[in-house]
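Have a look at the structure below before the remarks.
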Amino acid sequence: MKGKGGAAGNYFVLNTGAKIPAIGLGTWQSGGDLCIEAVKTALDAGYRHFDCSHLYGNEVEVGEALSEAFESGGINREDVFLTSKLYCTTNSSKRIENTVRVSFKNLGVSYLDLYLVHWPESFAFSDATDPPWKSASEYRQFSNRLKPTWKAMEALVESGLVRAIGVSNFSVRQIEELLQFANIVPAVNQPVFCREGALNSSPSNKAMFKDNQWILANLEPFNLLLSLSKKLNSQAHCVSTICIELPYLHSYC
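The sequence shown lines up with residues 1 to 253 when you count with my numbering.
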């Protein structure tokens, strides 16, 4: 369900009842002082949704910017919607709780609003943040680990460590398989960003949407940002690179 409200404008209501801002700042490929300043600037501009991941290697910087905002008294933790992701080198059911606690420490928070299974793949365990193409020889089929991984994700909700769980980069087949045993239906599917015609990720796809109140990240906000950028460019204004690049950076990883 879509609605209006909050400093960031449009939001969606998850199947948990929580409100997720429709437009957020993706933090992939942003590090160091650049990341800190980007998050600060986004907060000043009214952003209240930040998409993070252990893989991105910059949750410490995101946390530094957030902590400064919280300490200033102008923004509370409850005002910000934080998403992070479980990477495929740490999706063993025995390592999931420890992994999310690492994100807590890095971000300086005690809970996450949303935690996603980053990729439907499994690689050899590593504390590093190497992307999958550096570990291709370690690839293993994820299907036999999907159920225990999801059960461990559900345990995070039951223990109060995260408020909602979801998936990222899952195919329709993988989502169908997950729904066969899930006690907690994923609140979000964050698909790879695809141009028109490349992927049918729409409410007409019954496997992804029937009775499940899916929230599909990335697709609708892009049209809004594209329209805004064209309007501003026509007026000879400078358009923020963060705004224009967000749908791409936010969704390829």
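Just so it is clear, CB atoms sit at the ideal spot from N, CA and C, and this is done for glycine as well.
Bear in mind the structure is a predicted one, so any value in this text is a computation, not a measurement.
With 16 or more other Cβ atoms from the protein chains shown falling within 10 Å of its own Cβ, residue 48 counts as buried. Sequence-distant partners of residue 30 (beyond 5 residues in either direction) whose C-beta falls short of 7 Å from its own C-beta, in its chain, are 38 and 58. For the pair residue 19 and residue 94, the Cα-to-Cα distance works out to about 30 Å.
Beta-bridge partners of residue 81 (DSSP): 49. Of 15, 154, 25 and 41, the smallest CA-CA separation from residue 86 is found for 154. Under the 10 Å beta carbon count, residue 113 is surrounded by 16 or more other beta carbons and is classified as buried. Restricting attention to 45, 74, 120 and 55, the CA atom closest to the CA of residue 100 is found in 55. Counting along the chain, no alpha helix (DSSP H) covers residue 168; the unbroken beta strand (DSSP E) around it starts and ends at 165-168.
For residue 21, DSSP records a beta bridge to 11.
For the 9 Å CB-CB criterion, residue 61 and residue 88 do not form a contact. Membership of residue 174 in the alpha helix (DSSP H) is indicated by the continuous run 172-179. Secondary structure note for residue 188: its beta strand (DSSP E) is the uninterrupted segment 188-190. Close CB contacts of residue 108 within its chain, under the 6 Å cut and outside five residues either way in sequence, are with 63 and 67 (chain order).
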